[in-house]
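Data first, discussion second: the structure below is written as structure tokens.
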DNA sequence: AGGAGTTAGTTATACCAAATAATTATCTGG
DNA sequence: CCAGATAATTATTTGGTATAACTAACTCCT
């Protein structure tokens, strides 16, 4: 029933879902989601960076990034201070607590990568990363949105719900 | 700013997004989304199949599949008939119009795959598919959901500055 | 034959991620 | 100094997914 396995798009989607689930599971004990982990990591490696920088690096719109950063601050994992050089922006740093949590997260994440290596091997993992990197460089034309459906489910149905666009993070 | 490229999860996510966008774009002239394309393809290759079969094959919950199938039927691309052998289910088939559209979609999709090959080459594409297949076989423990944020934004945030956001509990 | 339990399809609902637009405060370049 | 750009925030909308409940029809078991 699934001759789709021969399509790159489908295979990518499947693999992405599995890997994401595994990483989510790995970080769950820390009450950290993958995106939160990467935010901590980026701040750690770029002390004093700003919300705009981090969100841009992750491809997240700054508006949607506010709640994420506010949560991490609320958990005392990061600190936000008015930037000296630019009063509009905040400079972000990890708190000692954030650094400690990141340390534990990195261990869990390396166990996750170890599972990946268990599936495909050390050398093939590097090969995969190279291939994915090349794929990601395919020129992206501006995403044209298609209406969820051309015809209402039921003409008389008030708000026919249900959508069919895939992709999740 | 992105040392994340060395992580399989991140690289997968990026590549998946780009490839999905390219396929979406490719199918846009037909007002077909990737998932609709795959539904048509599966029905074409499994004439008389049911909604449950198709939705299960695609990993979509049957409840969320209703609107998708209703739309395709509304566009006269598929036909739904009460199954003879099981009056609960519908048997699905493409209409001539659906078959014609699928044909055009397949051409556009093969152009899409050609672009993929343009990025990584014919042989490497097969290699990639094999690697992704192995990744997808990583045992998935039941996805443990983590709350989007542990500390919800204040409900009455009319005059709430960022620093006022509270730690819930 | 007949009821218990199951399955196909449907509806309604809730949740969450992402996109958009508008606002305020601040910076920068001519 | 002012016009325009930028950082952060808020509110809102949209789209995908998950869940529960319901109806109708099937299966199995005795």
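Chains as they are written, first to last, in the numbering used here: chain S, 867 to 1035; chain B, 867 to 1035.
In this text, a Cβ means the ideal position worked out from N, Cα and C, and glycines have one as well.
| How many angstroms separate the CA atom of residue 1000(S) from the CA atom of residue 949(S)? | 37 Å
| query | So which of 883(B), 908(B), 874(B) has the shortest CA-CA distance to residue 972(B)? | reply | 908(B)
| Opposing strand residues paired with residue 930(B) [DSSP bridges] | DSSP, once it has assigned bridges, lists no residue as partnering residue 930(B).
| Nearest-angstrom Cα distance between residue 918(B) and residue 917(S)? | 44 Å
| said: Against chain B, with Cβ distances strictly below 8 Å, would residue 953(S) count as a contact? | reply: no
| said: Going by C-alpha to C-alpha distance, which of 885(S), 931(S), 895(S) sits closest to residue 984(S)? | reply: 885(S)
| message | Which same chain residues end up closer than 8 Å to residue 890(B) when comparing Cβ atoms and leaving out the 5 residues on each side of it in sequence? | response | 899, 900
| said: Could you compute how far the alpha carbon of residue 1007(B) sits from the alpha carbon of residue 982(S)? | reply: 15 Å
| Pick from 947(B), 881(B), 957(B): whose alpha carbon is nearest that of residue 861(S)? | In the structure as shown, chain S starts at 867 and stops at 1035, and residue 861(S) therefore has no counterpart that could be examined.
| Buried/exposed call for residue 905(B), threshold 16 Cβ in 10 Å | buried
| said: Give the list of continuous beta strand (DSSP E) stretches no shorter than 3 residues that lie fully inside the region 942-985 of chain B. | reply: 944-948, 956-960
| query | Should residue 935(S) be listed as close to the ligand NAD, given that the test is whether its C-beta is under 7 Å from any heavy atom? | reply | Among the components of this structure there are no ligands whatsoever, and the ligand NAD is therefore not found.
| task | Kindly say whether residue 926(S), judged by its beta-carbon, lies nearer than 8 Å to any beta-carbon of chain B. | result | no
| request: Indicate the three-state DSSP secondary structure (helix, strand or coil) for residue 904(B) in the structure shown. | output: helix
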